[in-house]
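Per my numbering, residue 40 is the first one in the sequence shown, and the count goes up by one each step. Data block below; observations after.
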Amino acid sequence: MLTVYRLRWRDAWFCWRLARDPVVRENSLDRKKPGPFKHFSWMRHWHNNSHDEALAFILMIDGERVGLLRLWKSIYYPVEIGIAIHEDHRGEGYGAEAITMGRGLARFWFPGQGLHAQIRVGNPASMTVFERAGFESVDVLIGGIVLMVARPQRGAS
Ligand SMILES: CC(C)(COP(=O)(O)OP(=O)(O)OC[C@H]1O[C@@H](n2cnc3c(N)ncnc32)[C@H](O)[C@@H]1OP(=O)(O)O)[C@@H](O)C(=O)NCCC(=O)NCCS
40 MLTVYRLRWR DAWFCWRLAR DPVVRENSLD RKKPGPFKHF SWMRHWHNNS HDEALAFILM
100 IDGERVGLLR LWKSIYYPVE IGIAIHEDHR GEGYGAEAIT MGRGLARFWF PGQGLHAQIR
160 VGNPASMTVF ERAGFESVDV LIGGIVLMVA RPQRGAS
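Right under this line is the structure:
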């Protein structure tokens, strides 16, 4: 079973490798590989615990880091969710489990606010895991981005 904790500076190397993974880059809205300075700024932004607008969580299985889950308040949507699983652990079922955890975390940190995801049209693995975790496609945006929204869950506030 996956566990999570809030991002720490000691996770910088793990996040650096994820950020430079070609599959992660290909499926991100910003496809440019980050250099060290950009990555440092990224870490500082997501590590900053003094505000709750941008939360990053490391996903763990048996004491090993397997992925990154992020929740943030965006300009266009109440709350967005993003996920990346390390290449060594893709296809092991963690994607959907992580998104389901993300939904729970979003209910805690951003109660009553709609949860959205932006997925590239050519990213079927991501579409599959978000659908499995209870999201549905509601629109296709400029640039071939599918907007997905979390369907309400029974019994969840
Ligand atoms: C998308 C991602 C998070 C999925 O994580 P994962 O742990 O590999 O996902 P799971 O193992 O839970 O499931 C993947 C499912 O997608 C399916 N899938 C994979 N490639 C597919 C394809 N080309 N077409 C259709 N389905 C596909 C798999 O078969 C699997 O379904 P199954 O369990 O029925 O076999 C992971 O691939 C990743 O980190 N990608 C890079 C980052 C990214 O794209 N993030 C999403 C944008 S926020």
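Every residue, glycine too, gets a C-beta built ideally from N, C-alpha and C. These figures come from a predicted structure and were not determined experimentally.
Buried versus exposed, by CB contacts within 10 Å (16 or more), residue i
i	result
leucine 98	buried
serine 165	buried
glutamate 131	exposed
isoleucine 181	exposed
methionine 82	buried
Reference residue i, options the options, closest by Cα
i	options	result
isoleucine 138	Arg56, Leu107 and Asn87	Leu107
arginine 159	Lys71, Asn66 and Leu110	Asn66
threonine 42	Gly143, Arg70, Asp91 and Phe149	Gly143
tyrosine 133	Pro150, Arg104, Glu119 and Gly153	Arg104
Ligand 1 heavy atom lying under 7 Å from the CB of residue i
i	result
tyrosine 133	yes
arginine 59	no
alanine 189	no
glycine 173	no
threonine 167	yes
valine 160	no
isoleucine 97	no
valine 63	yes
glycine 153	no
asparagine 66	yes
proline 117	no
Proximity below 8 Å, CB of residue i to CB of residue j
i	j	result
tyrosine 44	phenylalanine 76	no
tryptophan 148	leucine 94	yes
Cβ separation of residue i and residue j, assumed to be a contact under 8 Å, to the nearest whole Å
i	j	result
alanine 58	proline 73	5 Å
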